[in-house]
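Trainee:
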Amino acid sequence: MVRRHVAGETLLVPIRTGPAEPADGGHTMFIVLNETAEALWELLAEAHSADELAQHLIVQYEVTPSQARADVEAFLSELRAARLVDVEEE
Amino acid sequence: MARAEDSLELVCPPIAGVAMVHRSSRALPGIAESMRLWSGSRPDDDDPIVLNHVGGAASPDDLSPLARGPYPLLHYMLDGRGQPAVLSAGAVGERHLLRTVRAGREYELLHERWRDDAGWWWHWQRGVYMLALPARRRGVLVHACAFLRDGRAVLCPGASGAGKSTLARQLREDFGSELVLLTDDRAVVTWDGAGALRAWGTPWNSSAGVAEAGDGVVAAIVFPSRGSASRAARLTPLGAGEASRRLMRTIAIPFWDHGGTDWALGLIDATLAACTAWEFTYSPHAGAGRDLVAALGATSTTG
Numbered sequence: 009m010v011r012r013h014v015a016g017e018t019l020l021v022p023i024r025t026g027p028a029e030p031a032d033g034g035h036t037m038f039i040v041l042n043e044t045a046e047a048l049w050e051l052l053a054e055a056h057s058a059d060e061l062a063q064h065l066i067v068q069y070e071v072t073p074s075q076a077r078a079d080v081e082a083f084l085s086e087l088r089a090a091r092l093v094d095v096e097e098e
Numbered sequence: 003m004a005r006a007e008d009s010l011e012l013v014c015p016p017i018a019g020v021a022m023v024h025r026s027s028r029a030l031p032g033i034a035e036s037m038r039l040w041s042g043s044r045p046d047d048d049d050p051i052v053l054n055h056v057g058g059a060a061s062p063d064d065l066s067p068l069a070r071g072p073y074p075l076l077h078y079m080l081d082g083r084g085q086p087a088v089l090s091a092g093a094v095g096e097r098h099l100l101r102t103v104r105a106g107r108e109y110e111l112l113h114e115r116w117r118d119d120a121g122w123w124w125h126w127q128r129g130v131y132m133l134a135l136p137a138r139r140r141g142v143l144v145h146a147c148a149f150l151r152d153g154r155a156v157l158c159p160g161a162s163g164a165g166k167s168t169l170a171r172q173l174r175e176d177f178g179s180e181l182v183l184l185t186d187d188r189a190v191v192t193w194d195g196a197g198a199l200r201a202w203g204t205p206w207n208s209s210a211g212v213a214e215a216g217d218g219v220v221a222a223i224v225f226p227s228r229g230s231a232s233r234a235a236r237l238t239p240l241g242a243g244e245a246s247r248r249l250m251r252t253i254a255i256p257f258w259d260h261g262g263t264d265w266a267l268g269l270i271d272a273t274l275a276a277c278t279a280w281e282f283t284y285s286p287h288a289g290a291g292r293d294l295v296a297a298l299g300a301t302s303t304t305g
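Listed in order, the protein sequences are those of chains A and B. Residue numbering for the first sequence follows my numbering, beginning at 9 and increasing consecutively. Residue numbering for the second sequence follows my numbering, beginning at 3 and increasing consecutively.
1) Spatial neighbours of residue 123/B within its chain, please: C-beta separation below 7 angstroms, excluding the five flanking residues on both sides.
2) Where in the region 176-264 of chain B do unbroken runs of the beta strand (DSSP E), each at least 3 residues long, occur, reported from the N-terminal end onward?
3) Taking 8 angstroms as the CB-CB cut-off, is residue 270/B touching chain A?
4) Can you check which of these residues, 289/B, 16/B, 30/B and 278/B, is closest to residue 155/B by C-alpha distance?
5) For a cutoff of 8 angstroms on Cβ pairs, would you count residue 86/A as touching chain B?
6) Can you grab the Cα-Cα spacing for the pair residue 43/A / residue 85/A, in whole Å?
7) List, in chain order, every chain A residue whose beta-carbon is nearer than 7 angstroms to that of residue 250/B.
8) Please name the residue, chosen from 120/B, 186/B, 113/B and 285/B, that lies closest to residue 232/B on a Cα-to-Cα basis.
9) According to DSSP, is residue 79/B helix, strand or coil?
10) Could you give the distance in angstroms between the alpha-carbon of residue 310/B and the alpha-carbon of residue 51/B?
11) Assess contact between the region 80-99 of chain B and the region 6-24 of chain B, defined as three or more Cβ pairs (one per stretch) separated by less than 8 angstroms. Is contact present?
12) Could you tell me whether the region 265-282 of chain B touches the region 215-228 of chain B, using the rule of 3 or more Cβ pairs below 8 angstroms?
13) Could you tell me which chain B residues have their CB closer than 8 angstroms to the CB of residue 21/A, listed as they occur along the chain?
14) Check whether the Cβ of residue 17/A lies closer than 8 angstroms to any Cβ atom in chain B.
15) From the DSSP secondary-structure annotation, give me the bridge partner or partners of residue 61/A.
16) Out of 83/B, 79/B and 104/B, point me to the one whose CA is closest to residue 98/B's CA.
17) Helix, strand or coil for residue 22/B, going by three-state DSSP, please let me know.
18) Pull up the DSSP beta-bridge partners for residue 12/A, would you.
19) Using a C-beta to C-beta distance shorter than 8 angstroms, which residues of chain A count as neighbours of residue 55/B?
20) Closer than 8 angstroms is the cut-off here; do at least three beta carbon pairs connect the region 187-194 of chain B with the region 151-169 of chain B?
21) With three or more beta-carbon pairs closer than 8 angstroms as the criterion, would you say the region 172-185 of chain B touches the region 142-161 of chain B?
22) List the residues of chain B whose Cβ lies closer than 7 angstroms to the Cβ of residue 14/A, in chain order.
23) May I ask which residues mark the beginning and end of the beta strand (DSSP E) holding residue 113/B?
24) Cutting at 8 angstroms between CB atoms, please list the residues of its own chain near residue 255/B, excluding the five before and the five after it.
25) Mind listing the chain B neighbours of residue 100/A? Cutoff is C-beta to C-beta under 8 angstroms, in chain order.
26) Whose Cβ in chain B lies nearer than 7 angstroms to the Cβ of residue 10/A?
27) Take the Cβ of residue 1/B as the centre, count every other Cβ of all protein chains shown within 10 Å, and call the residue buried at 16 or more, exposed below.
28) Assign residue 43/A to one of three DSSP states: helix, strand, or coil.
29) Here's the rule: buried if 16 or more other CB atoms are within 10 angstroms of the residue's CB, otherwise exposed. What is residue 67/A?
30) My understanding is that residue 115/B touches residue 49/B, with C-beta atoms under 8 angstroms, so please give their C-beta distance in whole angstroms.
31) When DSSP labels each residue in this structure, what does residue 282/B get in the three-state scheme?
32) Can you give me the Cβ contacts of residue 11/A inside the same chain, cut-off strictly under 6 angstroms, excluding the 5 residues immediately before and after it?
33) What are the boundary residues of the beta strand (DSSP E) that includes residue 149/B?
34) Residue 158/B bridges to which residues according to DSSP?
35) If we count the other Cβ atoms within 10 Å of its Cβ and call it buried at 16 or more, is residue 288/B buried or exposed?
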């Protein structure tokens, strides 16, 4: 994975070492990280549960628990599609 | 592979400043024919790309699949070193396999059956440059129409069907020889990692047949977009984020290579820092090319 600032945005670009699978929905070229996504990505340097990630959003960005959980699920879903994270069932 | 003393060498004129040396144990008339209409860019790199041609079985057994390419029968693969290979499995069964010998410098093309048609060679030459230029941190292929205005390049990237060839035809009709068209389909953008970015014409043209060997500093990025015939052509600025996403989709980024991908992203960042990006919405009609150039002139983007 390459993480780089391009034109004022932070991009995550998966490095491909194997074939795309049908579940990928094709090849994920890149993911654009906004401020909160970048913060989540930093946290994912170490293993965290979805609840822990959501809790971080609640504290740092003063969002509701349901909104935080939804944002985390959406982000993890995108990362999973790009095969940038290993997700264990909680 | 033939012994060195038996090998024939054919040096093809530079593309984006880099020549290609073909080495083979047999004559390759298709290559000479394919380059017949290409005068060559100005040389800008003393180290040519070497392509060794070898007859024999094109076995991909030691390669792992990476992705299916833009053609149904083209497969991108990685060797045990993580270097790219491209397998072409023809409809009638013959296969050709391109392997990396030294990234950016030397490649090998295995021929199960030798072919001499020029169009086939275009395909492989483009494939080798697509791998070699980013591997040597020199440049990338961009799916784009491009032209020079006052010696500076305007790059018009777009996917197939975006209107690149249509725009090139319109510019040719409107300006004739007043304007230097570089390509209607594939440009090379080079970057030395610090200085100016240059756009180069290539021999890999599309339906408008534009393949000129010039180059110039990139002064503007214009994404062509098909508009309604009832509305006047218009040039609208694009935000840098939107422009980078569009550029990402038109540049041949080496997604298998961490360093190459990082470098290519740096090139995109530098491009958008150096020049403004626009969307040109138009319907093909006489004067649309002049509309574009006049609008760019009004913005002072290209001097």
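We treat Cβ as the ideally placed atom computed from N, Cα and C, and that holds for glycine. All of these numbers come straight from a predicted model, not from anything done at the bench.
Mentor: On the basis of the data shown:
1) As a first step, residue 123/B must be located in the second sequence, where it is residue number 121. 32, 33 and 36.
2) 182-185, 188-192, 200-202, 217-228 and 236-239
3) Taking the second sequence and counting its residues from 1, one reaches residue 270/B at position 268. Interface residue, yes.
4) Position 153 of the second sequence holds residue 155/B. The option with the nearest alpha carbon to residue 155/B is 278/B.
5) Within the first sequence, numbered from 1, the residue matching residue 86/A stands at position 78. Output row for residue 86/A: interface = no.
6) If you number the first sequence from 1, residue 43/A lands on position 35. If you number the first sequence from 1, residue 85/A lands on position 77. Taking the straight line from one Cα to the other gives about 18 angstroms.
7) For the purposes of this step, residue 250/B is taken as residue 248 along the second sequence, with counting starting at 1. Result: 37 and 38.
8) Against the second sequence, residue 232/B aligns to sequence position 230. Checked all of 120/B, 186/B, 113/B and 285/B; the closest Cα to residue 232/B is 285/B.
9) Along the second sequence, one-based indexing puts residue 79/B at 77. The answer is strand: DSSP assigns residue 79/B an E or B state.
10) Because chain B is modelled from 3 through 305, residue 310/B falls outside the range shown and cannot be assessed.
11) no
12) yes
13) As a working note, residue 21/A is residue 13 in the first sequence. Ordered by position in chain B, the residues that pass the 8 angstroms Cβ test against residue 21/A are 255, 257, 263 and 267.
14) By 1-based counting over the first sequence, the position of residue 17/A is 9. Judged by the 8 angstroms Cβ criterion, residue 17/A is in contact with chain B.
15) Counted from its first residue, the first sequence places residue 61/A at position 53. According to DSSP, residue 61/A bridges with nothing at all.
16) Here residue 98/B corresponds to residue number 96 of the second sequence, with the count starting at 1. With distances taken between Cα atoms, residue 98/B lies closest to 79/B.
17) One-based indexing of the second sequence puts residue 22/B at position 20. Here residue 22/B sits in strand by DSSP.
18) Along the first sequence, one-based indexing puts residue 12/A at 4. Note: residue 12/A sits in a beta bridge opposite 19/A.
19) As a position in the second sequence, residue 55/B is number 53, starting the count at 1. In chain order: nothing, as chain A lies at least about 28 angstroms away.
20) yes
21) yes
22) Stepping through the first sequence from its first residue, residue 14/A is reached at position 6. By Cβ distance, chain B contributes 246, 267, 270 and 271.
23) One-based indexing of the second sequence puts residue 113/B at position 111. Unbroken beta strand (DSSP E) run through residue 113/B: 108-113.
24) Start at 1 with the first residue of the second sequence, and residue 255/B comes out as number 253. The answer, listed in chain order, is 136, 142, 262, 263, 266 and 267.
25) The structure shown does not extend to residue 100/A, since chain A is modelled only from 9 to 98, so the question has no answer here.
26) Counting from 1 along the first sequence, the entry for residue 10/A is found at position 2. Within 7 angstroms Cβ-Cβ: 260, 263, 264 and 267.
27) With chain B covering only 3 through 305, there is no way to say anything about residue 1/B.
28) One-based indexing of the first sequence puts residue 43/A at position 35. Helix at residue 43/A.
29) The count along the first sequence starts at 1 and reaches residue 67/A at position 59. By the neighbour-count rule (16 or more Cβ atoms within 10 Å), residue 67/A is not buried but exposed.
30) Walking along the second sequence from the start, residue 115/B turns up at place 113. Walking along the second sequence from the start, residue 49/B turns up at place 47. Contact doesn't hold; Cβ gap of about 31 angstroms is too wide.
31) Counting from one through the second sequence, the residue named residue 282/B turns up at place 280. Of the three classes helix, strand and coil, the one that applies to residue 282/B here is strand, per DSSP.
32) Along the first sequence, one-based indexing puts residue 11/A at 3. The answer, listed in chain order, is 20.
33) Locating residue 149/B in the second sequence gives position 147, where the first residue counts as 1. 141-151 is the extent of the beta strand (DSSP E) around residue 149/B.
34) For the purposes of this step, residue 158/B is taken as the residue at position 156 of the second sequence. Answer is 147/B.
35) For this step, residue 288/B is matched to residue 286 along the second sequence. So residue 288/B ends up on the exposed side.
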